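Working notes for the structure below.
In my numbering, the protein residues as written are 12 to 973.
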């Protein structure tokens, strides 16, 4: 009779004694078990019923330490009342005589030692008066048994009690004379039910009674710890065993194999051989299995040789382990040779080899082996069909046809209602894009389980760009799943969070987070990473950080999600701080983290930080990943070092679409239109298919180079040759291209005929072109439209204000300033920064907060005086994008001028001065920079949101076309 079963909490044990539950309720049903949890019973004694099951729980499995104040006394009073009943006395006697677990539990669960004494004494009196089975019951003396310590944990190994001075040949007290057979049954019962705490209590009882266990009992105890996942405790127990045999080592090797701990398995394997034990087939099977899991093919070959020497290769278990090991290490030819030369093969042998072919993508050999398996009369199991159907879900030649043939075969075999096979079928059709067929299979299965629901949800969400329709289907499936009483798994929640992130339904994502907390899954690494991604995408990075801190065991995916979230939200310094925390924890960053940090360096234009990350990537071996090299190109390009970006690109062995796109966009940003277009032609010659980002770079190059005809040709090429639709970024590039070329009316017509005529970015690009060509008529009309679409954006007001100012129209300009003031629109202040050493120095217009401000202003005045002798700084209009009004004194102290002056002071003459700015550079500063570069004989690189300006010898790379 199974009297003990664990609930979700290790400290709550339900009693299924003499009675069956009257209903399917998973909690404590009314009736036999009383009215709810024992804590509730204790708080309200009116609900207590002195039946036998409640009594057993009260005596053996109650939790007095967790009861509220005053409830413990009521609980004890109730127990005393129960002990006065004759039926209770007889039942206690029979249960204590037949279930030794009860006498073990009593001293451990009571609040105080005197509570245990009281109950045991009451039980003795009750049984003695009833005179039933009294002679067969042995009660432990409460004085000798200790109270459970306050820091007792269900995951701690019982401590050994030192032997007393009067220890003799049989030190066990007569009142607890349990033999090895009884202990073995108790341990085996704990192993069967997975109840770790019962097993540890039995172990503790053995220690307290100074029992001398035999090897057989210790092996059972060792196996119990391994089965319950307490491998560290099992290892300690093995170290304390006076005698060990090969079974002892096999149990622990099996446990470590399940968790893939290669080093510990090999250590135990060698330890067993050094101890003079002869490994058996189970030892070799465990060692080979962990070699396959970890890909340690050389060690696996060595163990293969040892198995030959040991004469165990004829054992089918060892043969299967060898086939599986070679298959998982992607050496299927060796596995096939073993398979062909083996005299004994079973279904596991065939399945292992089939899985090996699936793993390396040898699909034709896999199908050939499947046919042979059927010809030899071996039945196709669900595992076999699942592996083959998984292969058909990969897009290879005739994969759909093979999948349909297997489907018909499954129907003939009568396995079309098997839930495992149907789940694999559903997954195959979903990955092939046949969602209708997948949905039909899902509906005809009578008893869908959580795995099948997960497969169907995953089918709707497998596309890279998840549509709102498919996301809603997934949401509906989750609702139906819950209505049926199914408990969603962590995979379910992770998939749904992905859907919420894709369709930006963040409110539903928060509801899912609440359900995750309700199901106590917020500490799972998989779900934690999905929650971080959700909150990062919804601009709630602080909530993402809270989810990150709640994950008890952080894996590299969790770290990556949090660092990427910081980078996405522009918190680059926090990203670097978290990276340092990752290094301090001893974890090894992967290529995704390195790529993200290079992206952060690129956005900061912090070349020094980027170079340090690159050095770290070289040291850790992550520099060979194409993803990292692409980010490295972007980092150097955005930092103004296009030569280093070109060098990195040439070092990539197999550049992909992203590599080419980044290089094309980088050259376009730096004003190298010809080089960008040549790269695009080379990309096509290499057979690399461009994507939409590639064409954004191409059209940007045409815009910055004034290549109108080429831009129109490439736009047509994108639509016709590559069947791509024009998105808002392509359209903005075309408006900018036409506007810069002076074709303002054509640009306006392009906007009106496009699908993005209500996008303010389109109109703002045209407004910038009106400023270049001083067209106040079109500018007024365009400005009214863009202000209507985006009334709170300061950039549109500032552009129109500058257009009127440059045209000498003071009255309309003042009206624009008054309109901004009335609407509470505030202009973003201009900010420029420069990296010197390991520090970034930032400046605003007229800034005097820098510690070297006196030296900076003195040097700037000196240079301004010198350039007056070379040429006038009043060339062209004074576009006051930074100060917002015309003030010659303030124009002289724009942020980029201060930053460049500081760079000239701080850097050696051979080093270029690289300055970044958050707003577009004004024409006055543009002219001044050209003169500075000529006078100081320095290369000055200035990046604004639009492009790079390389000033050298009095010229700019933009050729004044900007």
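Where is the CB? At the ideal position from N, CA and C, for every residue including glycine.
Bear in mind the structure is a predicted one, so any value in this text is a computation, not a measurement.
Per the contact definition of three or more C-beta pairs closer than 8 Å, is the segment 535-543 in contact with the segment 496-515?
yes
Mind the definition here: the segment 920-928 touches the segment 856-875 only if three or more C-beta pairs lie below 8 Å; say whether that holds.
no
Residue 448 beta carbon less than 7 Å from that of residue 9
Examination of residue 9 is not possible in this model, given that the chain is present from 12 through 973 alone.
Take residue 575 and list the residues in its own chain whose beta-carbon comes closer than 6 Å to its own, dropping the five residues that flank it on each side.
Here residue 575 refers to the residue found at position 564 of the chain shown. These residues qualify, in order along the chain: 607.
For residue 967, does the three-state DSSP call read helix, strand or coil?
For the purposes of this step, residue 967 is taken as the residue at position 956 of the chain shown. Strand at residue 967.
What residue range does the alpha helix (DSSP H) around residue 285 cover?
Counting from one through the chain shown, the residue named residue 285 turns up at place 274. That run of the alpha helix (DSSP H) goes 273-285.
What would DSSP say about residue 559, mapped onto helix, strand or coil?
Looking up residue 559 in the chain shown gives position 548. Reduced to three states, the DSSP call for residue 559 is helix.
State yes or no: is the beta carbon of residue 540 nearer than 7 Å to at least one beta carbon in chain B?
Checking the listed chains, one finds no chain B in this structure; it contains a single protein chain.
Top-ranked residue by Cα proximity to residue 690, from 671, 590, 441 and 704:
Counted from its first residue, the chain shown places residue 690 at position 679. Of the candidates 671, 590, 441 and 704, the one whose C-alpha sits nearest the C-alpha of residue 690 is 671.
Hey, out of 964, 965, 433 and 937, whose CA is closest to residue 954's CA?
The residue given as residue 954 occupies position 943 in the chain shown. That would be 937, whose Cα lies nearest to the Cα of residue 954.
In the DSSP assignment, the alpha helix (DSSP H) including residue 928 goes from what residue to what residue?
Taking the chain shown and counting its residues from 1, the one referred to as residue 928 is at position 917. Unbroken run through residue 928 is the beta strand (DSSP E), 924-928; no alpha helix (DSSP H).
What do you get for residue 594, buried or exposed, if any count of 16 or more other CB atoms within 10 angstroms of its CB means buried?
On the chain shown, residue 594 is found 583 positions in, with the first residue counted as 1. Exposed, since its Cβ has fewer than 16 Cβ neighbours within 10 Å.
Report the three-state DSSP secondary structure of residue 851 (helix, strand or coil).
Working through the chain shown from its first residue, we reach residue 851 at position 840. Strand at residue 851.
Check whether the segment 809-821 touches the segment 903-912, taking contact to mean three or more Cβ pairs, one atom from each stretch, closer than 8 Å.
no
Same chain only: Cβ atoms within 6 Å of residue 365, ignoring 5 sequence neighbours per side
For this step, residue 365 is matched to residue 354 along the chain shown. Result list for residue 365: 377, 380 and 398, in chain order.
On the CB-based measure, 16 or more other CB atoms within 10 Å of its CB, does residue 241 come out buried or exposed?
Taking the first residue of the chain shown as 1, we reach residue 241 at position 230. Buried.
Check whether the segment 382-395 and the segment 355-365 touch, using three or more Cβ-Cβ pairs below 8 Å as the test.
yes
Should the segment 657-675 be regarded as contacting the segment 704-712, the criterion being three or more beta carbon pairs within less than 8 Å?
yes
Which of helix, strand or coil does DSSP assign to residue 846?
Here residue 846 is taken as the residue at index 835 of the chain shown, counted from 1. Strand at residue 846.
What's the gap between the Cα of residue 591 and the Cα of residue 531?
Stepping through the chain shown from its first residue, residue 591 is reached at position 580. Stepping through the chain shown from its first residue, residue 531 is reached at position 520. Going from the Cα of residue 591 to the Cα of residue 531 covers about 30 Å.
Pull the bridge partners of residue 954 from the DSSP assignment, please.
Position 943 of the chain shown, counting from 1, holds the residue named residue 954. DSSP lists 927 and 959 as partners of residue 954.
Just the C-alpha distance for residue 420 and residue 412, rounded to the nearest angstrom, thanks.
As a position in the chain shown, residue 420 is number 409, starting the count at 1. As a position in the chain shown, residue 412 is number 401, starting the count at 1. Cα to Cα, the separation comes out at about 13 Å.
CB-CB length for residue 611 against residue 587, believed under 8 Å:
If you number the chain shown from 1, residue 611 lands on position 600. If you number the chain shown from 1, residue 587 lands on position 576. So it is a contact: roughly 7 Å between Cβ atoms.
Do residue 618 and residue 650 have their CB atoms nearer than 7 Å?
In the chain shown, counting from the first residue as 1, residue 618 sits at position 607. In the chain shown, counting from the first residue as 1, residue 650 sits at position 639. In this structure, residue 650 lies closer than 7 Å to residue 618 by Cβ.
Can residue 807 and residue 834 be called in contact, C-beta distance under 7 Å?
The residue you call residue 807 lines up with position 796 of the chain shown. The residue you call residue 834 lines up with position 823 of the chain shown. It is not a contact, given that the beta carbons lie outside the stated cut-off.
So, helix, strand or coil for residue 765, using DSSP?
For the purposes of this step, residue 765 is taken as the residue at position 754 of the chain shown. Three-state result, residue 765: coil.
Select from 474, 716, 847 and 263 the residue whose C-alpha is nearest the C-alpha of residue 919.
As a first step, residue 919 must be located in the chain shown, where it is residue number 908. Nearest C-alpha to residue 919: 847.
How is residue 711 classed by DSSP in three states: helix, strand or coil?
Counted from its first residue, the chain shown places residue 711 at position 700. Note: residue 711 maps to helix in three-state DSSP.
Give a yes or no on whether the C-beta atoms belonging to residue 755 and residue 789 are separated by under 7 Å.
Locating residue 755 in the chain shown gives position 744, where the first residue counts as 1. Locating residue 789 in the chain shown gives position 778, where the first residue counts as 1. Yes; because the gap between Cβ atoms is below 7 Å, this pair is in contact.
Which term fits residue 949, buried or exposed, when burial requires 16 or more other beta carbons within 10 angstroms of its beta carbon?
To locate residue 949, count along the chain shown from 1; it is residue 938. Buried.
By DSSP, does residue 162 sit in helix, in strand, or in coil?
By one-based count along the chain shown, residue 162 stands at place 151. Its pLDDT being 44, under 50, residue 162 is placed unreliably in this model, and the coordinates cannot settle the point.
Does DSSP put residue 352 in a helix, a strand or coil?
Counting from 1 along the chain shown, the entry for residue 352 is found at position 341. Here residue 352 sits in helix by DSSP.
Below 7 Å CB to CB, which residues in the same chain sit around residue 333 once its five sequence neighbours on both sides are set aside?
As a first step, residue 333 must be located in the chain shown, where it is residue number 322. Same-chain partners within the cutoff: 299, 315 and 349.
Suppose the cutoff is 7 Å on Cβ atoms and the five residues either side in sequence are ignored; what does the same chain contact list for residue 797 look like?
The count along the chain shown starts at 1 and reaches residue 797 at position 786. For residue 797, where only same-chain residues beyond five positions count, the Cβ hits under 7 Å are 771, 774, 775, 778 and 807.
Note down the Cα distance separating residue 11 from residue 249, rounded to an integer number of angstroms.
Outside the shown range of the chain, which is 12 to 973, sits residue 11, and nothing can be said about it.
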